[in-house]
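Residue numbers for the sequence shown follow our numbering, so the first one is 14 and each next one is one higher.
One structure is given here, and the rest of the page talks about it.
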Amino acid sequence: MILGGAAKRHAYTSPTQDYSAFGVSATMRDAFFQRIAATSEQIREELRALQRYDETWAYTWNALEKYPLIRLNVSGTPGLCCPLPDLLLRRVTEGLFYDLLNTDKHFGDRYGRAFERYVGLVLSELFDESTFTVVPEQVYMVKKNQKHGVDWIVSDATGNLFLECKARRIGQQAKEAMAGAALEASIDELARVVVQHYRNIDDAVSGLTKWSPNGLPVYPFVVTYEDWYLFAPHVVDLLIIPVRRRLVEAGLAPNLIETMPFFVTSIAELEKAGQAIAYLGIRRFCEACSLSAHRHFKLSDFASTEFPNETIAYRPLLQESWQAIFSHIPHVLEQLPVQPA
């Protein structure tokens, strides 16, 4: 992350730069650059192999996402160039997901649990305990079968948010496709998650779990790590069809889609939209939003358009995390904003 921030100021760096002040040895540095740097010839070959010139061009894979640093040799001196610093920052944060996924078969499960915990941290900062209650997953039994239930439940005096956390990402082929088998397969997987969430909610409102039904409206949220790009009407329709089919197969009412509309949103969107929910109240926000066919995309912008006369103060969340990350690097720590007591 230090390197990513530096790249915003200086596009060039040396592959032999000393990072020992940050606890990074020369061996660690070399292994790191081996993963994220490539020659211009290597990058050019990957770009040519995947290039598109149709309506999907904006979603095609960019080799610079994997190799944001380009190896150069200027007059015999090796160097590294970073043409797009934002891609470098993404590579050393969320981009590590694929490195770890390909080296540890258990990583996906661990990552999912970590994502669930992160969502919980966000919820605890979003919703004041004097007005809201935030309840984590509680294991329960149904006919001797252990079930894990809903990941998080947030309640106030007006309604309940039931949240299911899914770190699974939409496949690259599905991102590039406007239609076809790859897109349908990814959407069907999302439909499976939505219906499983409905099943867990049905257990809860039927009194089978440790949560006590309160008679207030329930709003199902599926919180994803990445945006699933559910903005095109035909893609939303692709989701609704398998959800309705799977509801029938699960023995649930197919009109739950209308009577208890579900929301799909990324955690990035929820971090802002949640502040609007905390300000407006669960029912007021969700009742208005559930009428929108575009509620699965850009949820963070909904309150500003639907409630233009409300002044909602948005803020970045979990700022103390930066203090923890850089606690061992004093000269970086002293540049961070001081958090109010």
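Think of the CB as a built atom: it goes at the ideal place given N, C-alpha and C, for glycine as much as any other residue.
All values reported here derive from a predicted model rather than from experimental measurement.
Between the alpha carbons of Asn-173 and Gly-133 lies a distance of about 15 Å. With a threshold of 16 other beta carbon atoms within 10 Å, Tyr-232 meets it and is buried. Excluding sequence positions up to five before and after Glu-150, its CB lies within less than 8 Å of the CB of Glu-129, His-161, Gly-162, Val-163, Asp-164, Trp-165, all in the same chain and listed in chain order. Pairing Asp-169 with Ile-56 gives a Cβ-Cβ distance that is not under 7 Å. Annotation: Leu-251 to Ser-38 spans about 50 Å, alpha carbon to alpha carbon. Take Ala-217, set aside five residues on each side of it, and the residues of its chain with a beta-carbon closer than 6 Å to its own are Trp-224, in chain order.
With a cutoff of 7 Å on beta-carbon distance, Ala-291 and Glu-319 are scored as not near each other. Under DSSP, Leu-85 shares a beta bridge with Gly-92.
The region 269 to 279 makes contact with the region 197 to 216: 3 or more CB pairs, one atom from each, lie closer than 8 Å. Within the region 264 to 341, the complete alpha helix (DSSP H) segments of 4 residues or longer fall at 269 to 272, 280 to 293, 295 to 302, 315 to 319, 333 to 338, listed in chain order. A straight-line Cα-Cα distance of about 22 Å links Gly-121 and Gln-159. The region 47 to 64 makes contact with the region 79 to 86, as at least three CB pairs between them are under 8 Å. A straight-line Cα-Cα distance of about 46 Å links Asp-141 and Asp-43. When secondary structure is reduced to three states using DSSP, Gln-30 falls in the coil class, being assigned neither helix nor strand. Closest option to Phe-45, judged by alpha-carbon separation, among Val-152, Asp-314, Arg-104, Arg-65: Arg-104. As DSSP reads the structure, Trp-165 sits in a beta bridge with Pro-149, Leu-176.
Sixteen is the threshold: since fewer than 16 other Cβ atoms of the shown chains lie within 10 Å of the Cβ of Val-261, the residue is exposed.
Counting along the chain, the unbroken beta strand (DSSP E) around Lys-160 starts and ends at 158 to 160.
Using a Cβ distance threshold of 7 Å, Cys-94 and Ala-194 do not count as a contacting pair. In this model, Gly-228 and Thr-73 are separated by some 47 Å (Cα to Cα). Inclusion of Glu-284 and Leu-330 in the CB contact set at 7 Å is warranted, their separation being smaller than that value. Here Glu-177 is buried, its C-beta having at least 16 other C-beta atoms within 10 Å. Residue state for Val-135 is assigned as helix, using DSSP reduced to three classes. By the Cβ-count criterion, Ser-143 is exposed, with fewer than 16 other Cβ atoms from all chains shown falling within 10 Å of its own Cβ.
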